[in-house]
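With UniProt numbering, the residue at position 403 of the sequence shown is 403, and numbering never jumps. Working notes for the structure below.
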Amino acid sequence: MSSTVSTAPKKGSIDPATVIPTHRDLFYGGEWHAPASGRYVPTLNPGLNRQVGEAADADAADVDAAVKAAHAAYPAWRRMKPMERAAIMRRAATVLRDHAEELALIDAINTGNPVSEMISDANIAAASLDYFAGVVMELKGSTIPMGDDRLNYTLREPLGVVARIVAYNHPFMFVGAKIAAPLAAGNTVVMKSAEPAPLSGIRLAELIGPIFPPGVLNILSGGKECGQALTVHPLVKKITLIGSVPTGKAIMRSAADSLKPVLLELGGKNALIGFPDADVKALTDGLVRGMNFTWAGQSCGSTSRAFIHASIYDQVVEGAARLTCERHKPGMATDWSTTMGCVINQTQYDKIMKYILSGKEEGARLVIGGKHPDTEGLADGFFIEPTIFADVNADMTIAREEIFGPVLSMFKWEDEDELFEMVNRVELGLTASIWTRDLVTAHRAAQRVEAGYVWINDTSKHFLGAPFGGYKQSGIGREECFEELLEFSQIKNVNVNLAP
């Protein structure tokens, strides 16, 4: 860990009006560049549905320039001593911590997620840089016995230029954290920030871009054309995505032409399972936490399907409704007392409201929410009340499709085999949460659920060093762990004849 003393300001001391980054261009090769097309697109404060500025819209020409800058920087960066790379990464982590509140405010303005939660995103990004800086010396090979007069060993070498495309729900955390593993492994990075929320990525480039040698870290803003150009560029050696399943499939198709490996963290339709012996109070608390209502349910890991045993079902439904209403009231994201934000834009708002309508029409019982809040000052923003449906069955649309919004579906179950048939019926398998006091039940359920990241008597939390990733169509590969570092390396085998 860095010994640099933090100079971060006191929480709540920064005026939100002062934090918007001054640049709007593209950062690559250590410099700022206007987009080749001259095109800039507006970016919004979704809580007000009001423009807060513009950002460059990178096209294929911009991508080509950025990738070539990264390619030119790659030889020197990969040859740099690992501990020297780690020292640079730790310097960057310190800067991010010092600017955590500022970065949180930018994301609050640009995403509608509450600043009180977004400040942890900046710290998670910094922690990721520190974590991968700390394991850089473990990226090593092995020797393989081949008998007398033979030396056989392996090397772990970087790939080259890595392109990373991230989602809008935690834009700074993703931009900041997802540069860490490829940089530690000796790759150079071209990062495409989230199209609806590019401002914190631009600010990251302002803050830590100059810390790295020119071309090592490159930050682009843009839409579909930018992402497509990164995917097909011949100098990009790996493409990664945090995003939707359809986007992940499109990237795989494009990457196939050049046989690029991919790392995908995609959607989730995640299950929380309550067994009859569960601690009802703790289960109810976990159910509400696991829905991530704070950022309006916009989380791939949200446990948006709750399967509760019939013996405790009514008690849990009632408790979840009460606790949700107590904890989560939509408000402006820059207010430190706000406990729930809005969704990212009109498109997502309309999509979520259609899912809510389908739940009503298909026979689910609306327990709370389901509409725009009538709170003063929120009329223009993309706010949706926290919504809970009870008596959902597995054939309903809201039971099968990822909503990516503040909508929790609750199911009643009695037979365990039927339970797991319902839980595993969906094509996604990112997370799962299991609640029981019985050790055997807990481990048996963890084995039966088709998900890559399982909590027992907990939910929502991530742990650096523990592999995060999904089963089925929820993704390919693992992140937040040593295996992520390995994802950005390749193995070379060397055979030495000692008796030529």
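Where a beta carbon is used, it is the ideal one built from N, C-alpha and C, also for glycine.
Boundaries (first-last residue) of the beta strand (DSSP E) holding residue i
i	result
Asn-218	217 to 220
Ile-242	236 to 242
Arg-322	No beta strand (DSSP E) contains Arg-322, which is instead part of the alpha helix (DSSP H) from 310 to 327.
Phe-27	26 to 28
Leu-44	40 to 45
Ala-163	161 to 165
Phe-411	407 to 413
Own chain residues within Cβ distance below 7 Å of residue i, not counting five before or after
i	result
Gly-370	Ile-356, Glu-385 and Thr-387
Leu-283	Gly-274, Val-316 and Trp-435
Asn-113	Asp-107, Trp-295, Ala-333 and Gly-341
Leu-360	Residue identity check: residue 360 is Lys in the sequence provided, not Leu. If we look at Lys-360 and ignore the five residues flanking it on each side, its Cβ neighbours are Leu-366.
Pro-213	Ala-73, Ala-76 and Trp-77
Test item: CB-CB of residue i and residue j under 8 Å
i	j	result
Trp-413	His-309	yes
Leu-220	Lys-68	no
Gly-470	Leu-428	yes
Arg-90	Asp-130	yes
Phe-172	Leu-204	yes
Leu-48	Asn-345	no
Ala-73	Gly-215	yes
Val-407	Ala-390	no
Ile-144	Asn-152	yes
Ala-56	Pro-35	yes
Gly-331	Pro-46	no
Arg-78	Asn-497	no
Gly-297	Gly-405	yes
Val-161	His-33	no
Ser-311	Pro-276	yes
Ala-442	Met-422	no
Same chain, Cβ closer than 6 Å to residue i, neighbours up to 5 away in sequence not counted
i	result
residue 507	Because the chain here runs from 1 to 500, residue 507 falls outside it and cannot be looked at.
Ser-302	Met-291 and Asn-292
Leu-103	Ala-122, Phe-172 and Ser-200
Glu-195	Gly-223
Val-5	Here the model assigns Val-5 a pLDDT of 40, short of 50, so the residue's position is not dependable, and the following value carries that caveat. Nothing meets the Cβ criterion.
Ala-229	Ala-60 and Val-63
Glu-450	Asn-424, Gly-429 and Tyr-471
Ala-163	Val-190, Leu-230, Val-236 and Ile-239
Asn-493	Thr-154
residue 581	The structure shown does not extend to residue 581, since the chain is modelled only from 1 through 500, so no value can be given for it.
Sequence-distant residues of the same chain with beta carbon closer than 8 Å to residue i, five excluded per side
i	result
Ala-8	Per-residue confidence for Ala-8 stands at a pLDDT of 49, beneath the threshold of 50, marking its modelled position as unreliable; the derived number appears in the next sentence. The residues are Arg-97, Asp-98, His-99, Ala-100 and Glu-101.
Gly-209	Phe-27, Gly-30, Leu-217 and Ile-219
Gly-319	Val-280, Lys-281 and Thr-284
Residue range of the unbroken alpha helix (DSSP H) whose run includes residue i
i	result
Gly-359	346 to 361
residue 575	No answer is possible for residue 575: the residues shown for the chain start at 1 and end at 500.
Leu-151	Here Leu-151 belongs to no alpha helix (DSSP H); instead the beta strand (DSSP E) covers 150 to 158.
Pro-171	171 to 177
Lys-192	Looking at the DSSP string, Lys-192 is not in any alpha helix (DSSP H); the run it does join, the beta strand (DSSP E), is 188 to 192.
Leu-129	115 to 134
Tyr-74	60 to 79
Ser-200	199 to 208
His-447	In the sequence as presented, His is not what sits at residue 447; that position holds Gln. Here the alpha helix (DSSP H) through Gln-447 covers 439 to 448.
Thr-94	82 to 98
Met-422	416 to 423
Phe-463	Segment: none, Phe-463 is in no alpha helix (DSSP H) and carries neither H nor E.
Ala-56	Here Ala-56 belongs to no alpha helix (DSSP H); instead the beta strand (DSSP E) covers 50 to 56.
Quiz item: Hey, which unbroken runs of the beta strand (DSSP E) at 3 residues or more fall wholly within the stretch 252 to 295?
Solution: Complete beta strand (DSSP E) runs here, min 3: 262 to 265 and 271 to 274.
Exercise. Ignoring anything shorter than 3 residues or poking outside the stretch 369 to 399, list the beta strand (DSSP E) runs there in chain order.
Key: Runs of the beta strand (DSSP E) inside the stretch 369 to 399: 387 to 390.
Practice problem: Spell out a yes or no on whether the stretch 485 to 493 and the stretch 453 to 460 are touching, meaning 3 or more CB-CB pairs, one atom from each, closer than 8 Å. | Solution: Not touching, per the Cβ criterion.
Quiz prompt | the stretch 319 to 328 in contact with the stretch 23 to 43 per 3-pair CB rule at 8 Å | solution = No: fewer than three Cβ pairs fall under 8 Å.
Quiz item: Contact between the stretch 350 to 368 and the stretch 119 to 131: three or more CB pairs below 8 Å?
Solution: Flag = no, the stretch 350 to 368 and the stretch 119 to 131 do not touch.
Exercise. Check whether the stretch 387 to 402 touches the stretch 226 to 242, taking contact to mean three or more Cβ pairs, one atom from each stretch, closer than 8 Å.
Key: No, the stretch 387 to 402 does not touch the stretch 226 to 242.
Practice problem: Count the CB pairs spanning the stretch 468 to 483 and the stretch 259 to 267 that are closer than 8 Å, and state whether there are at least three. | Solution: These segments touch.
Quiz item: Are there three or more Cβ pairs, one per stretch, closer than 8 Å when the stretch 254 to 263 is compared with the stretch 178 to 193?
Solution: Judged by Cβ distances under 8 Å, the stretch 254 to 263 makes no contact with the stretch 178 to 193, as fewer than three pairs qualify.
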